[in-house]
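Undergrad:
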Amino acid sequence: MPDPFRSFVIFAGMRTGSNLLEATLNAIKYVTCFGEAFNPYMLGWPDKAELKGFTAEQRDADPHALLNAILGASNLNGFRYFFDHDPRVFDAIMDDPSCGKIILTRNPVDSYVSTQLARETNQWKLNETETPIPARITFDPAEFRETLDANIAFLTRIQRRLQTSGQAGFWLSYDDLRDPEVMTGMMHWLGRTDLAEVRPASDQVPQNPRLMAHKVENFEQMQAELARIDPFQLHKLPNFEVPRSADVSTFSVVDGGRGLLFQPIFGGPTRRVERWLGSLGPVRNGLSQAELAAWKRDHPGHRSFTSLAHPTRRAWTALCVFIDGPKQRWVRDLLRERQRVPVPPEGTKMADLDAGTQRALFLAFLDFVGRNLNGQTTMPTHRLWASQSEIVAGFVDAAVPHVMLRDDALPEGLAWLCDAVGVDDPPELSPPAGMPDFLTAPEVRAAAHEAYLRDYVAFGFDP
28 MPDPFRSFVI FAGMRTGSNL LEATLNAIKY VTCFGEAFNP YMLGWPDKAE
78 LKGFTAEQRD ADPHALLNAI LGASNLNGFR YFFDHDPRVF DAIMDDPSCG
128 KIILTRNPVD SYVSTQLARE TNQWKLNETE TPIPARITFD PAEFRETLDA
178 NIAFLTRIQR RLQTSGQAGF WLSYDDLRDP EVMTGMMHWL GRTDLAEVRP
228 ASDQVPQNPR LMAHKVENFE QMQAELARID PFQLHKLPNF EVPRSADVST
278 FSVVDGGRGL LFQPIFGGPT RRVERWLGSL GPVRNGLSQA ELAAWKRDHP
328 GHRSFTSLAH PTRRAWTALC VFIDGPKQRW VRDLLRERQR VPVPPEGTKM
378 ADLDAGTQRA LFLAFLDFVG RNLNGQTTMP THRLWASQSE IVAGFVDAAV
428 PHVMLRDDAL PEGLAWLCDA VGVDDPPELS PPAGMPDFLT APEVRAAAHE
478 AYLRDYVAFG FDP
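Right under this line is the structure:
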């Protein structure tokens with residue numbers, strides 16, 4: 028019989044029941060789960076200033092020191108780890124066979140709806156003495172697909188690492204968490220065979236035990252969107268999710284001529300190209316992999332393409348989105364509070380800043396991007412600042428771009444594409460947005476080159 032585990036990790040996601048599982052574990056003598064120990068936005072739990080003697084700043088400076096403090100204790104210690112937690116400790120966790128891997132999953136629709144309801148009501152936990160706040164949410168197909176893809180990629184990565192290292196995880200679903208037999212089996216698997224029975228925690232109750240139709244305003248639209256995801260492609264994951272290395276739902280197709288397929292790289296001239304495609308005919312996006320494959324079969328002679336942006340212009344576009352975007356406050360907070368980027372106070376737009384302040388802010392952002400792409404920060408890599416070479420590599424499993432057009436030669440490139448697919452008199456492309464003059468300054472160009480060296484080498488951008 029293998030040696031008992033000395034520690035554990037709970038791989039989970041938002042609203043999968045991980046709080047309940049943690050409460051069950053923490054009720055057992057000599058077992059401690061230290062919350063979301065590597066969540067960039069908090070230290071284990073909300074409003075906690077210290078964990079195992081580490082402040083958030085100390086953890087961020089040396090996450091492996093905190094990891095060793097948790098996993099090296101004499102008792103059975105562990106923590107919860109989500110897909111967007113500090114990526115620097117992931118390899119160390121997976122490479123430690125004495126750390127038991129518990130993988131907790133839930134129906135992704137239930138998780139998504141529950142997360143949106145919690146955000147709407149700010150009610151993240153509920154005990155039997157509290158009253159749930161009634162609310163309904165609007166299902167956002169694009170947001171759901173993005174969340175789904177991120178969680179699928181996370182689970183696939185875990186499964187792959189377990190397989191290649193000869194380890195086995197303990198897989199749990201949300202419905203298992205209130206089953207004493209399953210909880211007892213989990214603890215026996217971890218090595219606590221001295222426990223005759225493990226009772227699930229009783230101080231937390233389900234928050235939204237209502238019919239889904241009563242929780243979602245646009246329930247019929249949600250059903251229609253979910254029906255487009257082919258369940259017969261879901262067998263590769265324990266929770267039956269479609270593994271994707273590229274977000275196919277962001278691709279756009281148009282039937283003009285023999286057909287064009289646009290694979291966007293976010294931060295580039297995506298909106299300009301999408302408007303241009305709309306001038307050729309009705310544009311379809313939000314496709315599933317099965318729908319994309321069918322479109323490609325139905326359009327022999329089609330061309331697929333993407334658009335590359337110079338790293339300096341793309342990074343500036345990304346920064347403007349994060350400063351001005353109404354849904355980007357969490358990014359602003361993390362950049363300001365954790366990553367030494369002088370993000371202005373809430374409510375300040377990029378246009379409110381003078382050129383000198385904009386330049387200093389951009390240089391600090393480029394420094395952060397370089398550290399992030401080199402695995403030196405707690406934050407996961409956002410698609411707006413990810414290396415274009417990595418994004419293009421991720422396209423391969425879904426659709427290989429036939430052509431990569433540079434943003435400074437888009438009109439000529441799009442005209443060539445139209446000729447290739449048989450479109451006469453192609454529409455004109457709208458002009459690009461203006462860029463500040465300081466983007467051409469030697470200091471700024473050098474900072475961008477250092478942050479995106481791989482893209483400069485891969486695509487031959489001028490420094």
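Numbering-wise, the sequence shown is residues 28 to 490 according to this note's numbering. In this text, a Cβ means the ideal position worked out from N, Cα and C, and glycines have one as well. Since the structure is predicted, the reported quantities are computational estimates derived from the model, not experimental observations.
1. Along the chain, where does the beta strand (DSSP E) that runs through Leu131 open and close?
2. Quick check on Val427: buried or exposed, where buried means 16 or more other Cβ atoms within 10 Å of its Cβ?
3. Name, in chain order, the residues that DSSP records as bridge partners for Cys60.
4. Report the option in Asp176, Trp216, Ser192 whose CA atom is closest to the CA atom of Gln316.
5. What's the C-alpha gap between Glu268 and Ser200?
6. For Ile350 versus Pro369, is the C-beta spacing smaller than 9 Å?
7. Looking at the unbroken beta strand (DSSP E) that takes in Ser334, where does it start and where does it end?
8. Assuming Leu411 is part of the alpha helix (DSSP H), what are its boundary residues?
9. Around the C-beta of Ser414, are 16 or more other C-beta atoms found within 10 angstroms, so that it is buried, or is it exposed?
10. By DSSP's criteria, Arg311 is part of a beta bridge. Which residues make up the other side?
11. Do you know how far the Cα of Gly421 is from the Cα of Gly308?
12. Under 9 Å between the Cβ atoms of Phe110 and Pro407?
13. When you compare only the Cα positions, how much space is there between Gln285 and Phe117?
14. Can at least three beta-carbon pairs, one atom from the stretch 235-251 and one from the stretch 160-174, be found at a separation below 8 Å?
15. Specify the secondary structure class of Ser306 as computed by DSSP and reduced to three states.
16. Going along the chain, which residues of its own chain have a beta-carbon closer than 6 Å to the beta-carbon of Gly397, five neighbours each way excluded?
17. For Pro137, I'd like the list of residues in its chain whose CB is within less than 6 Å of its CB, leaving aside the five on either flank, ordered along the chain.
18. I need the DSSP call for Arg65, collapsed to helix, strand or coil.
19. Is Leu380 helix, strand or coil when you go by DSSP?
20. Determine, using beta-carbon pairs with one atom in the stretch 204-218 and one in the stretch 44-60, whether at least three such pairs fall under 8 Å.
21. When the Cα atoms are used, what is the spatial distance from Val348 to Gly294?
22. For Phe197, does the three-state DSSP call read helix, strand or coil?
23. If I'm right that Leu441 touches Leu456 with Cβ under 8 Å, what's the distance once you round it to whole angstroms?
24. Taking C-alpha atoms, which residue in Gly487, Leu466, Met431, Asn66 lies nearest to Pro297?
25. If you drop the 5 nearest sequence neighbours on each side, which residues of the same chain put their C-beta closer than 8 Å to that of Glu63?
26. Use the C-beta contact count for Ala342: other C-beta atoms within 10 angstroms, 16 or more gives buried, fewer gives exposed.
27. Considering only residues of the same chain and omitting the five flanking positions on each side of Ile55, which have a CB-CB separation below 8 Å?
TA: Taking the geometry as given:
1. 126-132 is the span of the beta strand (DSSP E), which, as asked, contains Leu131.
2. Exposed.
3. For Cys60, the beta-bridge partners assigned by DSSP are Gly105.
4. Between Gln316 and the set Asp176, Trp216, Ser192, the nearest pair of CA atoms involves Asp176.
5. Note that Glu268 scores 21 on pLDDT, short of 50, meaning its location in the model is unreliable and no value can be drawn from it.
6. Not a contact, by the Cβ cut-off of 9 Å.
7. Per DSSP, the continuous beta strand (DSSP E) segment holding Ser334 begins and ends at 330-335.
8. From DSSP, Leu411 is part of no alpha helix (DSSP H); its letter is neither H nor E.
9. That one is buried.
10. Bridge partners of Arg311: Val280.
11. Roughly 28 Å separates the two Cα atoms.
12. Their beta carbons are under 9 Å apart, which means Phe110 touches Pro407 by this criterion.
13. Per the sequence shown, the amino acid found at residue 285 is Arg instead of Gln. Rounded to the nearest angstrom, the two C-alpha atoms are 45 Å apart.
14. In this structure the stretch 235-251 lies against the stretch 160-174, because at least three pairs of beta carbons, one per stretch, are closer than 8 Å.
15. Residue state, collapsed to three classes: coil.
16. Glu477, Ala478.
17. The amino acid occupying residue 137 in the given sequence is Asp; Pro does not appear at that position. Counting only residues of its own chain and dropping the five nearest sequence neighbours on each side, Asp137 has no CB closer than 6 Å to any other CB.
18. Residue identity check: residue 65 is Phe in the sequence provided, not Arg. Residue state for Phe65 is assigned as coil, using DSSP reduced to three classes.
19. Looking at Leu380 - three-state DSSP - the assignment turns out to be coil, as it is neither helix nor strand.
20. At 8 Å Cβ cutoff, the stretches touch.
21. It is roughly 9 Å from the alpha-carbon of Val348 to the alpha-carbon of Gly294.
22. Three-state result, Phe197: strand.
23. The C-beta distance from Leu441 to Leu456 rounds to 6 Å, short enough to fall under 8 Å.
24. The sequence given here has Thr at residue 297, not Pro. It is Met431 whose Cα lies nearest to the Cα of Thr297.
25. Around Glu63: Met69, Gly71, Trp72, Phe106, Arg107, Tyr108, Phe109, His112.
26. Ala342 sits buried, since 16 or more C-beta atoms from the chains shown fall within 10 Å of its C-beta.
27. So the list reads Met214, Arg219, Leu222, Val225, once near-sequence residues are dropped.
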